[in-house]
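A.B. asks: If you count by our numbering, then the sequence shown holds residues 289 to 728, one letter each, in order.
C-beta: ideal position from N, C-alpha, C; glycine also.
Take this structure first; my questions come after.
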Amino acid sequence: MTMDASQIRATLQKARECHGLSTSEADALLSLPEEWDAELFARAREVKDKIYGKRVVLFAPLYISNYCSNSCLYCSFRMENSALKRVHLTQDEIRAEAEHLIKMGHKRVLLETGEDDASTLTYVLKAINTIYGASVDGHSIRRINVNIAATSTENYRLLKRANIGTYQLFQETYHEPTYRQMHPAGPKSDYLYHLGAMERALDGGLDDYGLGVLFGLYDYRYEVRALLDHAEHLKKSKGIGPHTISVPRLRPAKGADYPLNHLLTDAQFARVVAILRLAVPYTGIILSTRESPTMRDFLLDVGVSQISAASVTTPGGYAGTGDADAGQFTGADHRSLNECVDSIISRGYVPSFCTGCYRHQRTGSEFMHLAEKGHIKEFCQVNAILTLAEFVAAFGAESTRLAANGQWEAWLRQIPDPKLREQTRLDLAAVVMGERDKYV
Numbered sequence: 289m290t291m292d293a294s295q296i297r298a299t300l301q302k303a304r305e306c307h308g309l310s311t312s313e314a315d316a317l318l319s320l321p322e323e324w325d326a327e328l329f330a331r332a333r334e335v336k337d338k339i340y341g342k343r344v345v346l347f348a349p350l351y352i353s354n355y356c357s358n359s360c361l362y363c364s365f366r367m368e369n370s371a372l373k374r375v376h377l378t379q380d381e382i383r384a385e386a387e388h389l390i391k392m393g394h395k396r397v398l399l400e401t402g403e404d405d406a407s408t409l410t411y412v413l414k415a416i417n418t419i420y421g422a423s424v425d426g427h428s429i430r431r432i433n434v435n436i437a438a439t440s441t442e443n444y445r446l447l448k449r450a451n452i453g454t455y456q457l458f459q460e461t462y463h464e465p466t467y468r469q470m471h472p473a474g475p476k477s478d479y480l481y482h483l484g485a486m487e488r489a490l491d492g493g494l495d496d497y498g499l500g501v502l503f504g505l506y507d508y509r510y511e512v513r514a515l516l517d518h519a520e521h522l523k524k525s526k527g528i529g530p531h532t533i534s535v536p537r538l539r540p541a542k543g544a545d546y547p548l549n550h551l552l553t554d555a556q557f558a559r560v561v562a563i564l565r566l567a568v569p570y571t572g573i574i575l576s577t578r579e580s581p582t583m584r585d586f587l588l589d590v591g592v593s594q595i596s597a598a599s600v601t602t603p604g605g606y607a608g609t610g611d612a613d614a615g616q617f618t619g620a621d622h623r624s625l626n627e628c629v630d631s632i633i634s635r636g637y638v639p640s641f642c643t644g645c646y647r648h649q650r651t652g653s654e655f656m657h658l659a660e661k662g663h664i665k666e667f668c669q670v671n672a673i674l675t676l677a678e679f680v681a682a683f684g685a686e687s688t689r690l691a692a693n694g695q696w697e698a699w700l701r702q703i704p705d706p707k708l709r710e711q712t713r714l715d716l717a718a719v720v721m722g723e724r725d726k727y728v
């Protein structure tokens, strides 16, 4: 599908009104000349602001094991990597990792593990319970999202009962020949079983799910089209679109061995993020520390709404017991959590540690419908302010306190409802005085 200038503007206007894009429309925008990028990025930022307001959610990954029985060519955890020091954390070690994240100020974690006989679902469920049970001076992890291997409907039911947030699983590449090339052995080599995981997860009662592609394995235009088709299929067949879409880009990984034929330029990558924001306006777009600080800061203006911060991809890495060379990939953003918070504030956004939607059951189709109508930001702004205030009071560096203290009033004015604004003002004062866990 090709478009002339009038069709491009009509498509961007449709997207600007948060109506989303068809796969063919998104594909056409991917092929636009570079002179359209400024307008494309501006529309994506406008859509993100309409849906989520100015908040940016922060989280950290927590790796519990790097044992793996797969042969993914792009991953350090691949079973053939004999140089990798293998680590399988005990529950006490997992608790220590959680406690270190709590001391940083994190409230949301993404639990990750390799796929191996030792990393059974029982082990994962115990880890979830251990992380939720960790506490430091009354602070704790409030929400655990999970990224584990594709499994059965019954196992997804067990994950649901464990009170997880979002279940994430990336297809890595939707191009089946490339998928088979990149996954030559191990349970993950079954393309169709992996592709069908989200349908089984939804059948198992998990209503918040996250899709993703490892950009750089195959042509990015194909991947975007297939990702959007997958999201639309799940939305139509199950009534729920993706809660999040992650956009990891291929990075060096020790012991990995893969071709570099499809790497994206920064400009191409930014366009992918913008078009995903326009195509699926209600979804959260997640960016990891695979990207540089400069790129991460820029992509907040292009559509990203959630970022990891102060991440370690080595099991035991937060508590200092893990081998620095035992991580899944080489990161590019090594800033502390406070430094990430400061940067977000400096760019006009509100850092958020919110977990309110999960606890008010604003999940699945309800969350999607609230987001589609632009109503979710009514909660996002309030919860961002209150959770940031709690972070600043307990964990904030002096620079963070100064940055936030200059913005509270401006952020409060962005709450349109006068009653909610005044209640938030009162709750903010209560948090400053020591109260915790205020949310709407």
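So, do the region 519-527 and the region 684-693 have three or more beta carbon pairs nearer to each other than 8 Å?
C.D. replies: no
A.B. asks: Exposed or buried, L457, counting other C-beta atoms within 10 Å across all chains shown (16 or more means buried)?
C.D. replies: buried
A.B. asks: Would the beta-carbon of V434 fall within 9 Å of that of S593?
C.D. replies: no
A.B. asks: Going by DSSP, what residues sit across from E460 in a beta bridge?
C.D. replies: V501
A.B. asks: I need the straight-line Cα distance from N358 to D715, nearest angstrom please.
C.D. replies: Distance from the CA of N358 to the CA of D715, rounded to the nearest whole angstrom, comes to 49 Å.
A.B. asks: What are the boundary residues of the alpha helix (DSSP H) that R383 is part of?
C.D. replies: Here the alpha helix (DSSP H) through R383 covers Q379 to M392.
A.B. asks: My understanding is that I533 touches V568, with C-beta atoms under 8 Å, so please give their C-beta distance in whole angstroms.
C.D. replies: 6 Å
A.B. asks: Based on DSSP bridge pairs, tell me the residues matched to Q594.
C.D. replies: V345 and I574
A.B. asks: Once the 5 residues before and after Y606 are set aside, which same chain residues still bring their CB inside 7 Å of it?
C.D. replies: Taken in chain order, the residues that qualify are E385, H388, L389 and V600.
A.B. asks: So, for R331: in the same chain, excluding its five sequence neighbours on each side, which residues have a beta-carbon less than 7 Å away from its beta-carbon?
C.D. replies: So the list reads L300, A303, R304 and L566, once near-sequence residues are dropped.
A.B. asks: For Q459, does the count of other Cβ atoms within 10 angstroms reach 16, so buried, or fall short, so exposed?
C.D. replies: buried
A.B. asks: Less than 9 Å between the beta carbons of Y355 and R333, yes or no?
C.D. replies: no
A.B. asks: With H, G and I counted as helix, E and B as strand and the rest as coil, what does DSSP make of Y420?
C.D. replies: helix
A.B. asks: Count the other CB atoms, across all protein chains shown, that sit within 10 Å of the CB of S640; report buried if there are 16 or more and exposed otherwise.
C.D. replies: buried
A.B. asks: In this structure, does DSSP put I432 in helix, strand or coil?
C.D. replies: Strand at I432.
A.B. asks: So W341 and K661 are supposed to be a Cβ contact under 8 Å. How far apart are they, rounded?
C.D. replies: Checking the displayed sequence, the identity of residue 341 turns out to be Gly instead of Trp. Actually they are not in contact, since the Cβ atoms of G341 and K661 sit about 14 Å apart, beyond 8 Å.
A.B. asks: Compute the Euclidean distance between the alpha carbons of M730 and D621, then round it to the nearest angstrom.
C.D. replies: The structure shown does not extend to residue 730, since the chain spans only 289 to 728, so no value can be given for it.
A.B. asks: What is the C-beta distance between V728 and T688, in whole angstroms, given that I count them as a contact (C-beta under 8 Å)?
C.D. replies: Contact flag wrong, Cβ pair sits at about 23 Å.
A.B. asks: For A562, which residues from the same chain have a beta carbon less than 7 Å from its beta carbon, with the 5 sequence-adjacent residues on both sides left out?
C.D. replies: L328, F329, A332, V590 and G591
A.B. asks: When the Cα atoms are used, what is the spatial distance from R488 to K707?
C.D. replies: Rounded to whole angstroms, R488 to K707 spans 42 Å at the Cα level.
A.B. asks: Do you know how far the Cα of L551 is from the Cα of G504?
C.D. replies: Each residue's Cα considered, the two are about 4 Å apart.
A.B. asks: Do A406 and H376 come within 9 Å of each other at the CB atom, strictly closer than that value?
C.D. replies: yes
A.B. asks: Please classify V680: is it buried, with 16 or more other beta-carbons within 10 angstroms of its beta-carbon, or exposed?
C.D. replies: buried
A.B. asks: Could you compute how far the alpha carbon of A298 sits from the alpha carbon of G493?
C.D. replies: Rounded to the nearest whole angstrom, the C-alpha separation of A298 and G493 is 39 Å.
A.B. asks: Would you identify the three-state DSSP class for I533, choosing helix, strand or coil?
C.D. replies: strand
A.B. asks: What three-state label does DSSP hand E368 in the structure shown?
C.D. replies: coil
A.B. asks: Please state whether DSSP places S640 in a helix, a strand or coil.
C.D. replies: strand
A.B. asks: Pick out whichever of G529, I452, L490 and L700 has its Cα sitting closest to the Cα of E442.
C.D. replies: L490
A.B. asks: Whose C-alpha, out of R513, L516, Y506 and I436, is nearest the C-alpha of H482?
C.D. replies: I436
A.B. asks: So R396 is in the beta strand (DSSP E); what residue range does that whole segment cover?
C.D. replies: R396 to T401
A.B. asks: For S353, which of helix, strand or coil comes out of DSSP?
C.D. replies: strand
A.B. asks: CA-CA distance, P540 and G619?
C.D. replies: 9 Å
A.B. asks: Alpha carbon to alpha carbon, how far is D325 from G393? Give it in angstroms, no decimals.
C.D. replies: 36 Å
A.B. asks: Just mark V400 as buried or exposed, buried being the case when its beta carbon has 16 or more other beta carbons within 10 Å.
C.D. replies: According to the sequence as given, residue 400 is Glu; it is not Val. With 16 or more other Cβ atoms within 10 Å, it is buried.
A.B. asks: Work out the CA separation of N369 and D425 for me, nearest whole Å.
C.D. replies: Approximately 40 Å between the Cα atoms of the pair.
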